[in-house]
Structure formats: structure tokens, C-alpha cells
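**Q** Protein chains in written order, with the numbering used here: chain A, 928 to 1262; chain B, 928 to 1262.
C-beta atoms are modelled at their ideal positions from N, C-alpha and C, and glycine is treated no differently.
Note that the coordinates shown come from a computational prediction; the quantities given were computed from them, not determined experimentally.
Protein chains: 2
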Amino acid sequence: MGEDIQGEKPTLRTLSQETGFAVATVSRALAGDPRIAATTRETVTAAANRLGYVPDRAARRLRTGRTQVISLLLNTQHEFLGFTHEFLSGITEVLAGTGYSVTVVPDSPGEDRLAPVRTILRNNLADGILFTRTEAFDPRVRLLMEADFPFVSHGRTEFTTPHPWVDYDNEAFARQAVQHLVAKGRRRISLVLPGDQFTFTQHLRYGFLSAVRTAGIDHEIVPGVTLDSPPPAIAAALMQRRHAPNPPDGYVCVGEVTALLALAALTDTGAVQGVDADIVAKRASPIFDNVRPRIDTVFEDLRATGRAMAEMLLRRMNGEPQERLNRLFMPETDV
Amino acid sequence: MGEDIQGEKPTLRTLSQETGFAVATVSRALAGDPRIAATTRETVTAAANRLGYVPDRAARRLRTGRTQVISLLLNTQHEFLGFTHEFLSGITEVLAGTGYSVTVVPDSPGEDRLAPVRTILRNNLADGILFTRTEAFDPRVRLLMEADFPFVSHGRTEFTTPHPWVDYDNEAFARQAVQHLVAKGRRRISLVLPGDQFTFTQHLRYGFLSAVRTAGIDHEIVPGVTLDSPPPAIAAALMQRRHAPNPPDGYVCVGEVTALLALAALTDTGAVQGVDADIVAKRASPIFDNVRPRIDTVFEDLRATGRAMAEMLLRRMNGEPQERLNRLFMPETDV
DNA sequence: TGAGATAATTGAAACGTTATAAATTGGGGT
DNA sequence: ACCCCAATTTATAACGTTTCAATTATCTCA
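Right, dumping it as C-alpha cells:
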């Protein structure tokens, strides 16, 4: 089925026959090679447009070794609602029209995080890699740096060798969140942290601790659970603390799920947010606009993060010096 | 940098030199061609494993025309929190290990929905296509059927020619949701519908209307807004109805955002969910477990949907007859 | 014993592109 | 008229795979 009206799919040979120039000349003309005469280039590009020529990716890839593909290692766990959606939208937004396509590779939390990277390197499946949930001495970063393979990490590392990264200032977020609660008169602030292996956990911890110490107030980092724990486990831990003597009157929540859990814990113990306690949450989606009672939020723009990472990867693949390829997003307070 | 310990990347020629068989024989042996002697096949596969041979995708693609790529047209709008994440996880789960990779192509709601499909067809960018938010006479379905190109739609169409689809029984969902509210004694039920162009909107409408008529109760389909309207607009429409005489005492919510909006509308007008009115919502993520007051929910398993679509696409590409490639997920009531 | 069939293997071509090296053209300067 | 050089263009090979058609080795049967 499907008779082509135009006939066969045009190739360089088609254009060669059409214009009378050799295949090599046509290729050069389209590539913008300066050794080709301007008139020739015009003739060739005109013919290419007329016939709707588009270079064959497989052939180009075979010849040059460049895949025109960017791989995104996507974690199956995320504390933000809509993380994947926002992040991915930002990336595809930038990459649309560049000729690069985005492939998604699952990055399972418990499994070997190196395996997908190794596969990509060994089988030459991409020209660049993006990934999230970076660890302090992330083995993926080490491997990719050794291989001199282009990548951008979402999150910083503690390696001394510089590499491209995009991050959010979680230290500033934690500090501001505490200060906001202190300004509301709160004196005992609770925090659930992500797993210790992630770099941003240290940033959160440091910002949180230094802010509570400066303010001279009490704090607690909820023990036994992380942001990646099953929500019921987090809920149980929060409830336990609410029933203990001296329950917290302020909550700093790094994810939306935790914020809802904290809110539920308050409600379930007869406390009222805004009266008996306050919550400050980092949000990535507008969902909290619809939650009652309202929660104070700090916005993290994950779409912009995705855009920044994609742009940075393009620049890295273009050979820009790595030292300058960093971007730290500052928290934007809504309230 | 990066000195290969193993030396060069192994190709068919490497295996040929290693085993003494010709390149053609090696290729056939690995492909399982029955004309190749069993002993030869063993020798060759052993060498392939030893050297870690993996076929070059570009070369294979150039030769066979098959891309080993599946394109996912991903809409930038979705009423479910975590839709993208769940759906994509299901797809990659099935495709992992099959040799297919998934590329994500943005499918902008306002724009020409055919453009990305045309690009994929013309430039031979994929072997199969998955997409969502199917319309009654979806132009993408028409084009792909004409081109005899493998695809699976999320949602049915009204074309007479059969094609592969995976869908959720939204008619049953709407009916059950109404019945649940009626059983709680509710007599005036409200519903916000998606845009009229989508097939599943008709299913929702039909299930909703037939259930309210059977029960002999009042209903209203909120006018002037759809599920894709900006949340503030939906909120305003809901509030307007709450202030009017005879406000609804039951809400059927197709998405999580709408459910939160309805809950907020109740709260903001001093009504209490569970007392003055009830909400039944379709959910795709466990978020509602954390919302107070609790909302009755019906689960739609989007991860399973993604899995089903990927599996079905593989079968379609394997040449199975299209008539049998359908799957309708039934609602699972939680409460 | 040899012809004819069958089984197993192989050389060579092709997919569409880019890069290397060589060839052609048109002037300028002598 | 000649040579040389720059400006263009071109033939050719290669990337790694699959497949057609042809070749060689092995077997069966008269």
C-alpha cells in the first residue's frame, strides 16, 4: 500500500542526478563546505528543498559514528509529582529542531546504576547522556569522565575534576524554609531527608542545620525513613513524632508527597496547619494551589532545569570547556 | 583518552577472523539461519560471547531499513499527576531487553498533531508509534493506517477499519462513580468533561448520563470549561455553581487535579466532603492516600496501560492480525 | 563410477553517507 | 605559448551489516 507520488525517497544520488554534480559535491554543498562555489551550493540546496531531501540518519551514523541521539537516564522514583513530565518536556523543547532525538533509559534505584551507561558507551547508542539523582562520588560521573563522554548531571558531585552540571540550591531552600517558619514563630522544626548517598541531601542538611542553629531553635531530622521510603512508612514516622511529647510545630518538606503526608498527620492528630503548626514545601507542579488548607511553597522549575541541561549538553558536545558549564538555580519563594 | 583493553570494538569481521568462517556465515549463524550447521553456530556464538560482540545498530539499520526504535508521542497536557512517569515506565519496562529503544516526541495540543507522525514516516525514524489522547476520527490513525505503519493508540476511534488500541472503560467508570454517589444518597451530580474531540469524552458522557437517568437524579456537566482548561478557570466554574441555587452534592472527577479543585471548592464554601457532598475520583497515582479528607477513588493503572501498549506494538510489528489487537481495561474500584 | 541432488559455505554487492586523495578547470604571470 | 597555483569538482573507499547468487563439499541412487 501507500504509492509514493514523488517516487522513491530522495538520496544524495538523486540530487546528484538532478543537479549534475557528483555525490561528493552535493554532500559538501549541503554541509556548507567553504570549498564549494556559492552558485553550486544554491543549486544544490534548491534541489534538496524541492525534492524534500533529508539525510539518512543510519547512513550518516554509520559513516561518522555520531548517533544524533541523547540518552536520558530516568529514575523510577521521584519525590515530585510530575517530575518526569516537566523535566522531559524541558529537554524535548530544546532538542526539537536540532536533529537530536531523546531516548529514555530506565535507571532503577536498587540496581547497578552503571549498567545502562556501560551499554550506551559500549554499543555507541548515544552522543550524550543526561541523568538525575547524582551521588557525591557518582560512579556514572567517574566512568563518563574517564571515557571523555559528554554528559550533564542533575546535581553536583564532590569530584575535584570539573564536569558539567545543573543543580538547584537546596541549601538555600532549606535555609529559607527554616527562616520562613521561624518568622511565623515556630520553634521546633522537622525535616525528612532523601537518602544519604545523594549530594543534594548534604546540601539540604547543611542549610537546615545552620539555619536552625542560627535561629537557636529546636529541630529534628525524622529518623528511620527517607524521601524514598514508601509513603505509609513516612506517614507512620511522622505520626509517631506527633504523638510523642514535644511534637514539631514546623515542617520543611522537600517533596509534594511528604507535604501532603505532613498535612495529613496534622489533620489526623487534630492539629490545624496555620494554627498549631506550619508547613513549607518545595513544589514542582501547581498542585498545591488546589490544596486546602494552603501550604507555603517554594518553586523548583523542573522544566527550566531540563532546558538548561539539554542546552548545556549541546554546548559540551560542541567542545566548550567544561569548567564553565554549570548552572545553579536559586529558589524562588512564592509567599 | 580511554584506552580499550580489549582493543577495537568487535565486528562481524573480527568474528570472521577469529573463527575462520566468512563474514556472511558469521552473520547467518548469529541470525539463527537454519542453513548453517549446528556446530558452526556454536563456534560462532561462543566467539561472539567471548569477545562481547554486539551488532552495530547503524549498519543494521542502514542495511535492513529497520530502525529498532519506537516513538512515543507524548502530550504536554495531562489531567493525571504522574501520567507521563507511569506510562513511560510501563513502556520501557516491556521494551528493555528487546533491543528496541524508545524516543520521546512532543505532541503539542494546539499544534498540528500530524506533523510529528509525518516526520517519522518520511524520515524513517521509527518502526512503530505509540500515542495518547486519541480522537474519534484521529487523523494520525488515518494516516498510519493508510501507510500500513505499525502503531497502537491509547484510546479507541470510530473508524470502521480495525486497528490496535488499548483503552480504559471510561463509560463503566462514569457509571460506577455515579452509582457510588447515588448509594451514598447524593441527588445532584456534577461532572467536568475533557474536550469533545477525544473519543473517551463520549464514553464518559454516555456512562454518566445513562447512570443518572437510570437513577432518576439531577446532574450537571459543568459548562464552559474542560479538563484541559487552566485550573483557575475550572476552579472558578466550580465555585460559581456552588454559589448558585441547588449546588451539586456529588462530584465525579476524571482527574486528580479536578478532584483537588472540587475539594477546595467545597472547603472554600464551608461545605464538608463526606457530609454535605461526596467526591469520587479516578486516580493514577497514590497521592490521594495522603489527602484529607479522604476521597473515594477508582484506580486506572497507567503503568499496565503502557506495558500493554508496548506489548501490543511488538505483536503488531510481528505481523499479527490487527483485529485481535485490542485491550480494554476495566475500572478497579478501591472502596 | 558418475550424475544429480542436497547441505554448507562464501564472495560480492548494496544500503547512503562522509573523508581522503586525486583530478579538472580557469586564470595570472612570465 | 607555457607553467604554476588556486579554486572547484570528482572518483573512490570505507563505515558494518544483510542477502543474492554462486561455489564447494557431501551424499544418494542408478
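Return no unless some Cβ of chain B is closer than 8 Å to the Cβ of His1170 (chain A).
**A** Cβ-Cβ to chain B under 8 Å: no for His1170 (chain A).
**Q** Quick one: residues in its chain with C-beta nearer than 8 Å to the C-beta of Pro1121 (chain B), no 5 flanking neighbours on either side, listed in chain order?
**A** Glu1006, Phe1127, Thr1128, Leu1131, Thr1153, Leu1154, Asp1155 and Val1181, listed in sequence order.
**Q** Assess, as a yes-or-no matter, whether the stretch 1198-1207 of chain B is touched by the stretch 1099-1113 of chain B under the definition of 3 or more beta carbon pairs within less than 8 Å.
**A** Judged by Cβ distances under 8 Å, the stretch 1099-1113 of chain B makes contact with the stretch 1198-1207 of chain B, as three or more pairs qualify.
**Q** Using a Cβ-Cβ cutoff of less than 7 Å, which residues in the same chain neighbour Ala1189 (chain A) once the five nearest sequence positions on both sides are dropped?
**A** Around Ala1189 (chain A): Leu1165, Tyr1178, Cys1180 and Ile1206.
**Q** Since Val1029 (chain A) meets chain B, which of its residues come closer than 7 Å, beta carbon to beta carbon?
**A** Thr1030 and Val1031, listed in chain order.
**Q** Can you list, in chain order, the residues of its chain whose CB lies under 7 Å from that of Leu1252 (chain B), leaving out five sequence neighbours each side?
**A** The residues are Pro1091, Met1239, Arg1242 and Arg1243.
**Q** What do you get for Asn1173 (chain A), buried or exposed, if any count of 16 or more other CB atoms within 10 angstroms of its CB means buried?
**A** Asn1173 (chain A) is exposed by the Cβ-count criterion.
**Q** What is the residue span of the alpha helix (DSSP H) that Val1286 (chain B) lies within?
**A** This structure gives no information on residue 1286 (chain B), because the portion of chain B shown stretches from 928 to 1262.
**Q** Is Gly1233 (chain B) helix, strand or coil by DSSP?
**A** In the structure shown, Gly1233 (chain B) sits in a helix (DSSP, three-state: H, G or I).
**Q** Compare the C-beta of Asp1205 (chain B) with all C-beta atoms of chain A and state if any pair is closer than 8 Å.
**A** It does not; no Cβ of chain A falls within 8 Å.
**Q** Inspect the beta-carbon positions of Ile997 (chain A) and Tyr1027 (chain A) and report whether they are closer than 8 Å.
**A** Cβ distance < 8 Å, so Ile997 (chain A) and Tyr1027 (chain A) count as in contact.
**Q** For the stretch 1013-1028 of chain A, which residues have a beta carbon sitting closer than 8 Å to at least one beta carbon of chain B?
**A** Within the stretch 1013-1028 of chain A, the qualifying residues are Leu1015, Ser1016, Thr1019, Glu1020, Ala1023 and Ser1028.
**Q** Using a Cβ cut-off of 8 Å, which residues of the stretch 1189-1205 of chain A contact any Cβ in chain B, in chain order?
**A** The stretch 1189-1205 of chain A vs chain B, Cβ under 8 Å: Leu1190, Ala1191, Thr1194 and Asp1195.
**Q** Excluding the 5 residues preceding and the 5 following Val1225 (chain B) in the sequence, name in chain order all residues of the same chain whose CB lies nearer than 8 Å to its CB.
**A** Here the set comprises Phe1100, Gln1103, Ala1104, Val1207, Ala1208, Lys1209, Arg1210, Pro1258, Glu1259, Thr1260 and Asp1261.
**Q** Run through chain B and tell me which residues come within less than 7 Å of Ala1044 (chain A), C-beta to C-beta.
**A** Strictly speaking, residue 1044 (chain A) in this sequence is Val, with Ala absent from that position. The contacting residues do not exist; Val1044 (chain A) stays about 13 Å from chain B at best.
**Q** Rounding to the nearest angstrom, what Cα-Cα distance links Gly1082 (chain A) and Asp1094 (chain A) in this structure?
**A** Approximately 5 Å between the Cα atoms of the pair.
**Q** Just to check my reading of the structure: Phe1125 (chain A) and Arg1230 (chain A) have Cβ atoms closer than 8 Å, yes? What is that Cβ distance to the nearest angstrom?
**A** Going by Cβ atoms, the distance from Phe1125 (chain A) to Arg1230 (chain A) rounds to 21 Å, so no, they are not a contact pair.
**Q** Give the interface partners of Pro1213 (chain A) over in chain B, defined as CB-CB distance under 8 Å, in chain order.
**A** Within 8 Å Cβ-Cβ: Pro1158.
**Q** Which ranges does the beta strand (DSSP E) cover as unbroken runs of at least 3 residues, wholly within the stretch 934-1008 of chain B, from first to last along the chain?
**A** Within the stretch 934-1008 of chain B, the complete beta strand (DSSP E) runs of at least 3 residues are 996-1002.
**Q** Check distances from the C-beta atoms of the stretch 1048-1066 of chain A to those of chain B and list, in chain order, the residues that come in under 8 Å.
**A** So the close ones are Arg1049, Asn1050, Asn1051 and Leu1052.
**Q** Using a C-beta cutoff of 8 Å, does Asp1228 (chain A) count as contacting chain B?
**A** Cβ-Cβ to chain B under 8 Å: no for Asp1228 (chain A).
**Q** In its own chain, which residues sit with a C-beta less than 7 Å from the C-beta of Gly929 (chain B), not counting the 5 before and 5 after it?
**A** With a pLDDT of 33 at Gly929 (chain B), under the threshold of 50, the predicted position of this residue should be treated as unreliable, though the coordinate-derived value follows. Nothing listed; no residue qualifies.
**Q** Please name the residue in A:Glu1073, A:Glu1062, A:Arg1169 and A:Leu1071 whose C-alpha comes closest to that of Thr1084 (chain A).
**A** Minimum Cα distance to Thr1084 (chain A) is reached at A:Glu1062.
**Q** Along the alpha helix (DSSP H) that carries Arg1169 (chain B), what are the first and last residues, could you check?
**A** Segment Pro1158 to His1170, the alpha helix (DSSP H) holding Arg1169 (chain B).
**Q** Have a look at Val1031 (chain B) and Asp1145 (chain A) and give me their C-alpha separation to the nearest angstrom.
**A** In a straight line, the C-alpha of Val1031 (chain B) is about 47 Å away from that of Asp1145 (chain A).
**Q** In three-state terms, what does DSSP make of Asp1100 (chain A)?
**A** Residue 1100 (chain A) is actually Phe in this sequence, not Asp. In the structure shown, Phe1100 (chain A) sits in a helix (DSSP, three-state: H, G or I).
**Q** Quick check: is any heavy atom of the ligand HEM less than 7 Å from the C-beta of Arg1140 (chain B)?
**A** Of the ligands one can find in the structure shown there are none, so the ligand HEM has no counterpart to examine.
**Q** Could you check whether the Cβ of Arg988 (chain A) sits closer than 8 Å to any Cβ belonging to chain B?
**A** Closer than 8 Å to some Cβ of chain B, the Cβ of Arg988 (chain A) qualifies, so yes.
**Q** Can you tell me which residues form a DSSP beta bridge with Asp1203 (chain B)?
**A** Note: Asp1203 (chain B) sits in no beta bridge, so no partner.
**Q** Cβ atoms of Thr994 (chain A) and Leu1033 (chain A): under 8 Å apart, would you say?
**A** Checking the displayed sequence, the identity of residue 1033 (chain A) turns out to be Pro instead of Leu. No, they are not a contact pair.
**Q** Just grab the DSSP bridge partners of Gly1055 (chain B) for me.
**A** BP columns for Gly1055 (chain B) point to B:Ile997.
**Q** Can Glu1020 (chain B) and Arg1234 (chain B) be called in contact, C-beta distance under 8 Å?
**A** It is a contact, given that the beta carbons lie within the stated cut-off.
**Q** Which of helix, strand or coil does DSSP assign to Asp1065 (chain B)?
**A** DSSP places Asp1065 (chain B) in coil when its eight states are reduced to three.
**Q** Taking 8 Å as the CB-CB limit, is Arg1219 (chain A) close to chain B?
**A** Chain B contact via Cβ: present.
**Q** Taking Pro1094 (chain B) as part of the beta strand (DSSP E), name the residues at either end of that continuous run.
**A** First, the amino acid is wrong: residue 1094 (chain B) is Asp here, not Pro. Where Asp1094 (chain B) is concerned, the enclosing beta strand (DSSP E) stretches over Trp1092 to Tyr1095.
**Q** Can you tell me whether Glu935 (chain A) is buried or exposed? The criterion is at least 16 other CB atoms within 10 Å of its CB, across all chains shown.
**A** Glu935 (chain A) is exposed by the Cβ-count criterion.
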